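Input: a single structure, listed below in C-alpha cells.
2 protein chains.
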Amino acid sequence: MTVSKTAEKSSEKPADAAKGRKDTGEPQAEALQLGELSEQLGYVLKRAQLKVFENFLRCMASLQLTPAQFSVLLLVEKNPGRNQTEIASTLGILRPNFVAMLDNLESRDLCARIRSTNDRRSHILVLTDKGKAVLARAKKLVATKHEARLNDLLGPANRESLIEMLSKIANEF
Amino acid sequence: MTVSKTAEKSSEKPADAAKGRKDTGEPQAEALQLGELSEQLGYVLKRAQLKVFENFLRCMASLQLTPAQFSVLLLVEKNPGRNQTEIASTLGILRPNFVAMLDNLESRDLCARIRSTNDRRSHILVLTDKGKAVLARAKKLVATKHEARLNDLLGPANRESLIEMLSKIANEF
DNA sequence: TATTGTTATACTCTATAACTATA
DNA sequence: TATAGTTATAGAGTATAACAATA
Numbered sequence: 001m002t003v004s005k006t007a008e009k010s011s012e013k014p015a016d017a018a019k020g021r022k023d024t025g026e027p028q029a030e031a032l033q034l035g036e037l038s039e040q041l042g043y044v045l046k047r048a049q050l051k052v053f054e055n056f057l058r059c060m061a062s063l064q065l066t067p068a069q070f071s072v073l074l075l076v077e078k079n080p081g082r083n084q085t086e087i088a089s090t091l092g093i094l095r096p097n098f099v100a101m102l103d104n105l106e107s108r109d110l111c112a113r114i115r116s117t118n119d120r121r122s123h124i125l126v127l128t129d130k131g132k133a134v135l136a137r138a139k140k141l142v143a144t145k146h147e148a149r150l151n152d153l154l155g156p157a158n159r160e161s162l163i164e165m166l167s168k169i170a171n172e173f
Numbered sequence: 001m002t003v004s005k006t007a008e009k010s011s012e013k014p015a016d017a018a019k020g021r022k023d024t025g026e027p028q029a030e031a032l033q034l035g036e037l038s039e040q041l042g043y044v045l046k047r048a049q050l051k052v053f054e055n056f057l058r059c060m061a062s063l064q065l066t067p068a069q070f071s072v073l074l075l076v077e078k079n080p081g082r083n084q085t086e087i088a089s090t091l092g093i094l095r096p097n098f099v100a101m102l103d104n105l106e107s108r109d110l111c112a113r114i115r116s117t118n119d120r121r122s123h124i125l126v127l128t129d130k131g132k133a134v135l136a137r138a139k140k141l142v143a144t145k146h147e148a149r150l151n152d153l154l155g156p157a158n159r160e161s162l163i164e165m166l167s168k169i170a171n172e173f
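The listed protein sequences correspond, in order, to chains A and B.
So in the UniProt record's numbering, spot 1 of the first sequence is number 1, and the numbers just go up one at a time.
So in the UniProt record's numbering, spot 107 of the second sequence is number 107, and the numbers just go up one at a time.
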C-alpha cells in the first residue's frame, strides 16, 4: 500500500468544528465567530481549494488519480513530444519531485518515458494506450461529477466568472 | 533559524516555465498548451491560492506572520476565553499540530495559554498586549497591501463576488 | 561548461496513536 | 469512562545540492 490510500481522510472539518460536545445542561459553548476571517481572501481560497480537492479525489476514486496526476496526463496528451523538464516546469513541479511522480504513472502503465533521439539526455513523455483510455474516463468523471457540481452550486455564468477571476489571480497577482 | 525563513522561496514559477533555454537558432520549442487544464477548477484554484499566499507572506515580511498564524490571532481576538481545541478545530487545524504553532506564537509573546479555573485541563487562549499591537499592524498591512491588490486586479464588485463564491464552495461543495 | 534526469536530503503540513492530567 | 493538551511518529508535498550521462 503506497499508491492508494484513496480518499479516506478524516482531517478537521471546520463545519463540524466546536461541536462534538455532549449536550449536558451546562452553559453550552456556542460556535465561534469567524469575524474578519470570512472576508480574508487567502483563508477562503485555501478552504475552497481543500474542499475541491477532496471532491476531486472522491470523484476519481475508481481511477485512483490525484489532481496532480490528472494534470500531468492532460498536459502530456495536449503536448506530445515534450520532455520531463518542460512538462514539470509548466505545472510548477520541480524536476526532482517529478521523478517519483512519473515512476508511479509509468509503473501503472499510464505513460512512458522515451529516450529522445535528438538529445539523448531527454526523456520524451507519451501516454500509453491505457493512459489515453484512463484519461478519457477521467475527463468524463471530472465533467459529470466534479465540474458539474460547481455548475449546480453557482450556475454556468458564475462558474465561468469564477474560473476567469482565479486565472487572473494566478497569472497576475 | 527555525522561526524565520521569511518569504524567500524559489519554487517553480509556471510563468517562467519552458523558458530558461538559450536562444540558439534552433527549431525553438514553444510554450506548452495548457488546454483543458486552464478550465479545471482545482488547477486554477490551487494556482491562485499559491500566488495569494506568496503575496501575503511578502506583505507580512516585516511582521513574520504566515497566513495560518494570522488566522489564529484573528480568531483568538474575536473569541476571547476559548480553549485550544475550539480555536484549532474552527480553523481546521488538528490539535496535535496546533501545539507547536502555539509554542511559536507564545515564544514570540503574541499570545498566551491560561489554565482554565473551571476545567483545569483546558488552556484558554488570549492575545498579549504585544499580540494585539502586532495583529493591529498586520490587519493594516493586509488591508492596504494585500487585499487592496485584489481590488486593483478585479474591482470591488468582482472582489466581493469572488469571496462570496469561494465561501459557498468552502461551505457547500 | 551547461543541461537532463536522477539521488539524497531536509523542511513543512498533515494525519494517527497513545500518553498525562484532569473531569 | 471521556476530554484537553501533549508527544511521538509517519506520510505527503516541496525545496536544494550534487552526481552521471550527454550536449
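Virtual Cβ for every residue (Gly too), placed ideally from N, Cα, C.
Please read these numbers as outputs of a predicted model, since none were measured by experiment.
Is it buried or exposed for residue i, if we count other Cβ within 10 angstroms and need 16 for buried?
i	result
B/I93	buried
A/T90	buried
A/P96	exposed
A/V134	buried
B/Q40	buried
B/A48	buried
B/I114	exposed
A/V99	exposed
B/M165	buried
A/E30	exposed
B/E172	exposed
A/N118	exposed
Tell me which residue opens and which closes the alpha helix (DSSP H) that residue i is part of.
i	result
B/V134	D129 to L141
B/G42	L41 to C59
residue 174 of chain A	Because chain A spans 1 through 173 in this model, residue 174 of chain A falls outside it and cannot be assessed.
B/K78	P67 to K78
B/R95	R95 to S107
A/S161	P156 to E172
Between which residues of its own chain and residue i is the CB-CB distance below 8 angstroms, once the five residues before and five after are set aside?
i	result
B/C111	V72, L73, V76, L102, L105, L125, V126, L127, T128 and G131
A/D109	T128, K130 and G131
B/F53	P67
B/L63	V134, R137, A138 and L141
B/E86	N79
A/A143	none
Which stretch, first to last residue, makes up the beta strand (DSSP E) that contains residue i?
i	result
B/R115	C111 to R115
Quick one: measure Cβ to Cβ for residue i and residue j, integer angstroms, because I've assumed they're closer than 8 angstroms.
i	j	result
A/F56	A/H146	6 angstroms
A/I169	B/K51	6 angstroms
B/L141	B/L154	Contact flag wrong, Cβ pair sits at about 20 angstroms.
A/S116	A/N83	7 angstroms
Kindly list the residues whose CB is nearer than 6 angstroms to the CB of residue i, restricted to its own chain and excluding five residues on each side of it in sequence; keep chain order.
i	result
B/L37	Y43
A/L150	R159
B/A88	R95 and F98
B/L65	A138
Spatial neighbours of residue i within its chain, please: C-beta separation below 7 angstroms, excluding the five flanking residues on both sides.
i	result
A/G81	I124
B/S122	N83 and S116
A/G35	none
Legend entry - Against chain B: residues of the segment 50-67 of chain A by CB proximity under 7 angstroms: K51, V52, F53, N55, F56 and P67
Inset, instruction - Note down, in chain order, all residues in the segment 66-89 of chain A with a beta-carbon under 7 angstroms from any beta-carbon belonging to chain B. - result: P67, S71, L74, L75, K78, N79, R82, E86 and S89
Inset, instruction - Select from the segment 96-109 of chain B all residues with a C-beta closer than 8 angstroms to any C-beta belonging to chain A, and list them in chain order. - result: none
Legend entry - Contact set between the segment 115-137 of chain A and chain B, restricted to residues whose Cβ is under 7 angstroms from the partner: none
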